[in-house]
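In what follows, a single structure is set out as structure tokens and then discussed.
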Amino acid sequence: VYIGAPRFGARAAAGVSLEDIRTLTEEAHRFGVRIYVTCNTIIYDEELAEVEAMIWDLWRAGVDALIIQDMGITRMKLPPIPLHSSTQCDTLEPSDVQHLEALGFEQVVLARELNVEQIRRIHAVTQVPLEVFIHGALCVSYSGRCYLSHALTGRSANRGECSQQCRLPYELIDASGQQIRQDEHLLSPRDLNRSAQLEALLDAGASSLKIEGRLKSESYVKNITAHYRQLLDQLIARYPERYCRASYGEVQLRFTPDPSKSFNRGFTPYLFHLATPSKPNASVINVHSPKSQGEYLGKAKRSKSGSLILESKQAMSNGDGLLFITPAGQVGGIKVNRVDERGQLLLARRESIPEGSEVYRNYDQAFERLLAAPTAERRLRVALTLRLHERGLELSMRSLDKPEIEASQVLEL
């Protein structure tokens, strides 16, 4: 699990207190889960002493690694805490990874722009474990090299203060000054989803898979993590000689994960394959909206003021949130007040949705209610032995997985 340090993380608003980090680390270590803390912004000279003191506090709290961008941290007097390079380091070439490996980094988070063959080539010439992003928000620029926010607002993405300029509408003008596109989100990327590429990533040499989740809701974290946990468990079951779980026990879910039901701007595998004229990459940009698109339901079949009938077989609930894109490309949103016995949606406003509009559900009331309850249970396998003892019966327990635990008790008769 990776979380933001109290300060100096790439999301300034997502810092976690030292006390919370200590509590989370103790709980995670019970199950063999590692905690990585991000301190991955550029550090100013006057902040060096504070950063060094914070790193010592994090080490005393028991965290397993520190994810950094600023190489000045490597010159500090540090505790024996493993260092991981952040994706903000813009690590694109085998020589970049070899350099970080020589500096003593124990894991490298690769730039998100790499395709699978580039990852494979890096793995072939390095020994350090490689981490790759598999899900979540994307930056329109190269990892760690976006200066748009700082140029326009004075807020630097490399200081955790990105003002999200790529999510705003823009107009496109050609060399002659003619307007080609107007008020579209031309720089707003879809969200990364590499569910279908997990096996290929592992085969290419990735050993750690990263889900972007800062400032996301608890239900988002539950749903997306459970989704990839299921996919990984399937691969482990198929290739037990190659892969194993890093943490202890097995997780049993009480719901069916579905990434389309959590916040997303539409999905893209991003630059997973090298694009060619005959095989271009799928669209990375969602020009319609930077807001959550959700799961596709169908097209608007008929709509009167305040009601809607969809060409969809999906079950709907009172309180569902809808996003619609009209045939003209306009985007709107509305809430479902009630679903009547005929399946007609009674809307929160007296508004008509144009026929043929694409309708998405970006808030699933029933699914969110399900995720608000306990959603998973982690179980550890044990072997129990009952044998005769001179004072009665002796019950012994031995764990079959890590951690190796043995315990016994005599039941006197």
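Quick note on numbering: my numbering labels position 228 of the sequence shown as 242, and the sequence is numbered without any gaps.
A virtual CB, placed ideally from N, CA and C, is assigned to each residue, including glycine.
In this structure the region 126 to 136 does not touch the region 161 to 180; the number of beta carbon pairs closer than 8 Å is below three. For residue 179, there is no enclosing beta strand (DSSP E), as DSSP marks it with neither H nor E. Here the region 217 to 228 makes contact with the region 139 to 155; the two share three or more CB pairs at distances below 8 Å. Closest in C-alpha terms to residue 369, from the list 325, 193, 353, comes 325. Counting only runs of 4+ residues, the alpha helix (DSSP H) found wholly inside the region 148 to 179 occupies 162 to 167, in chain order. Using a Cβ distance threshold of 7 Å, residue 139 and residue 122 do not count as a contacting pair. Per DSSP, the beta bridge partners of residue 203 are 299. If you compare the alpha carbons of 88, 252, 210 with that of residue 62, the shortest gap goes to 88. DSSP, read as helix, strand or coil, puts residue 287 in coil.
By the C-beta criterion, the region 269 to 278 is judged to be in contact with the region 234 to 242, since at least 3 inter-stretch pairs fall below 8 Å.
Nearest to residue 357 by C-alpha distance, out of 40, 152, 316, is 316. Residues of the same chain with a CB within less than 7 Å of the CB of residue 425, apart from the 5 flanking positions on each side, are 406, 407, 409 in chain order. In this chain, the beta strand (DSSP E) harbouring residue 374 covers 372 to 377.
In the DSSP assignment, residue 397 falls within the unbroken beta strand (DSSP E) covering 396 to 403.
When the five nearest sequence neighbours on each side are left out, the beta carbons in the same chain lying within less than 7 Å of the beta carbon of residue 311 are those of 324, 326, 328, 373, 374, 375, in order along the chain. The beta carbon of residue 42 is closer than 8 Å to those of 15, 48, 49 in its chain, skipping five residues each way along the sequence.
Here the alpha carbons of residue 229 and residue 27 stand approximately 8 Å from one another. Linking residue 129 to residue 285 through their CA atoms gives a straight-line distance of about 6 Å. Contact check for residue 279 against residue 205 passes: the beta carbons are separated by less than 7 Å. Residue environment analysis places residue 414 among the exposed positions, since fewer than 16 neighbouring C-beta atoms fall within 10 angstroms of its C-beta.
Below 8 Å, enough C-beta pairs join the region 152 to 160 and the region 113 to 127 to call them touching: three or more. Going by C-alpha positions, residue 115 is about 51 Å away from residue 348. Nearest to residue 40 by alpha-carbon distance, out of 77, 68, 161, is 77.
Counted as a single uninterrupted DSSP element, the beta strand (DSSP E) harbouring residue 423 occupies residues 420 to 426. Contact check for residue 330 against residue 353 passes: the beta carbons are separated by less than 7 Å.
Rounded to whole angstroms, the Cβ separation of residue 75 and residue 32 is 6 Å, and the two are in contact under 8 Å. With distances taken between CA atoms, residue 157 lies nearest to 106 out of 106, 137, 180.
For residue 215, the enclosing alpha helix (DSSP H) has its first and last residue at 212 to 218. Cβ neighbours of residue 379 within its own chain (closer than 7 Å, five residues either side excluded): 331, 332, 333, 334. If you look at residue 264, you'll find it in the beta strand (DSSP E) that goes 264 to 267. The residue among 82, 94, 90, 169 with its C-alpha nearest the C-alpha of residue 100 is 82. Here residue 298 is actually not in contact with residue 183; their C-beta atoms are around 17 Å apart, not less than 8 Å. Take the alpha-carbon of residue 224 and the one of residue 343: they are about 33 Å apart.
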